[in-house]
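Engineer: For the sequence shown, the positions run 1 to 198 when full-length UniProt numbering is used.
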Amino acid sequence: MSDITKLTDKIIQDAKKRQEHYLKDASQKTERREELRKKQLTKQKEERLAAYEKEIRAEMSLEVSDLHIKSRAKVLAAKEALLDELFQEALESFEHMSETEFTAFLEKSLKRSALSGNVQLILGEESEKYADKATIEKWITFAQPDIELSVAKVAVPRRGGFLLKQDTIEYNFLFESLLQNAEEELSSQLLDLLFLED
Numbered sequence: 001m002s003d004i005t006k007l008t009d010k011i012i013q014d015a016k017k018r019q020e021h022y023l024k025d026a027s028q029k030t031e032r033r034e035e036l037r038k039k040q041l042t043k044q045k046e047e048r049l050a051a052y053e054k055e056i057r058a059e060m061s062l063e064v065s066d067l068h069i070k071s072r073a074k075v076l077a078a079k080e081a082l083l084d085e086l087f088q089e090a091l092e093s094f095e096h097m098s099e100t101e102f103t104a105f106l107e108k109s110l111k112r113s114a115l116s117g118n119v120q121l122i123l124g125e126e127s128e129k130y131a132d133k134a135t136i137e138k139w140i141t142f143a144q145p146d147i148e149l150s151v152a153k154v155a156v157p158r159r160g161g162f163l164l165k166q167d168t169i170e171y172n173f174l175f176e177s178l179l180q181n182a183e184e185e186l187s188s189q190l191l192d193l194l195f196l197e198d
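#1: How big is the Cα-Cα spacing for serine 61 and glutamate 34?
#2: With H, G and I counted as helix, E and B as strand and the rest as coil, what does DSSP make of valine 64?
#3: Within this structure, are the beta carbons of glutamate 183 and leucine 83 separated by less than 9 Å?
#4: Determine the extent of the alpha helix (DSSP H) in which serine 113 is found, giving its start and end residues.
#5: Using 9 Å as the threshold, is the C-beta distance between leucine 186 and phenylalanine 94 below it?
#6: Straight-line CA distance for leucine 91 to glutamate 176?
#7: Tell me whether aspartate 198 is buried or exposed, calling it buried when 16 or more other Cβ atoms sit within 10 Å of its Cβ.
#8: Report the three-state DSSP secondary structure of lysine 38 (helix, strand or coil).
#9: Please report the distance separating the alpha-carbon of leucine 149 from that of glutamine 120.
#10: Ordered along the chain, which non-local residues of its own chain (more than five positions away) have a Cβ less than 7 Å from that of alanine 152?
#11: If you follow the alpha helix (DSSP H) that lysine 133 is part of, which residue opens it and which one closes it?
#12: Need the endpoints of the beta strand (DSSP E) that glycine 117 sits in, please.
#13: From glutamate 85 to glutamate 59, what distance separates their C-alpha atoms?
As structure tokens, then:
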């Protein structure tokens with residue numbers, strides 16, 4: 001009987017030791033998690049404070065810039081009006097180009113596009129005047145052997161220039177689009193120049 005008591009006591013002591021070990025382990029893990037969480041929260045707080053400070057500085061900078069922009073708004077408006085007038089004149093000159101100039105523009109665009117295979121030419125409605133049978137044959141011959149050029153029966157309404165379409169890809173050579181792209185590029189250059197002036 002005393003052996004059973006000893007064995008029982010030993011089992012109970014081992015169980016208590018394991019329990020203490022598990023509790024100590026769990027306590028340490030909990031402390032580590034809490035420490036890690038505190039570090040994460042501190043880091044997040046610091047990041048948020050830094051972001052907030054950066055945002056405040058940016059807002060202040062924007063307000064200063066806004067005042068600067070307003071002071072030059074009239075000069076910018078005059079330059080933009082001049083730019084609009086120049087691009088309108090450029091569009092009109094595009095729309096009044098000769099058949100030879102249009103053909104040269106088309107051929108140059110075909111070369112630059114680096115297309116090959118079947119390509120559909122979709123004319124702008126205002127450029128259909130250049131597309132007589134002989135001129136179309138000239139375009140097709142120019143495009144060969146790399147490009148099998150076909151001319152669409154449907155035109156882009158109220159536009160001059162053309163689209164080159166291969167499968168789902170369209171290369172846009174409509175005059176208005178080309179000028180809009182150029183205008184955006186030049187407008188940003190104009191704005192850069194404006195802000196460099198003092």
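Beta carbons: idealized from backbone N, C-alpha and C, even for Gly.
Please read all numbers here as calculations on a predicted model, not as lab measurements.
Structural biologist: Short version:
#1: In this structure, the CA atom of serine 61 is about 40 Å from the CA atom of glutamate 34.
#2: Three-state result, valine 64: helix.
#3: The answer is yes: Cβ separation under 9 Å.
#4: Following the DSSP letters along the chain, one finds serine 113 inside the alpha helix (DSSP H) bounded by residues 99-113.
#5: Result no, Cβ atoms of leucine 186 and phenylalanine 94 do not sit closer than 9 Å.
#6: Approximately 7 Å, taken between the alpha carbons.
#7: Caution applies to aspartate 198, whose pLDDT of 47 falls short of 50 and renders its modelled position unreliable; the value that the coordinates give is listed next. Result: exposed.
#8: Here lysine 38 sits in helix by DSSP.
#9: The straight-line gap from Cα to Cα measures roughly 6 Å.
#10: So the list reads Gln120, Leu121, Ile122, once near-sequence residues are dropped.
#11: If you look at lysine 133, you'll find it in the alpha helix (DSSP H) that goes 133-143.
#12: Note, glycine 117: beta strand (DSSP E), 117-123.
#13: Straight-line Cα distance between these residues: approximately 35 Å.
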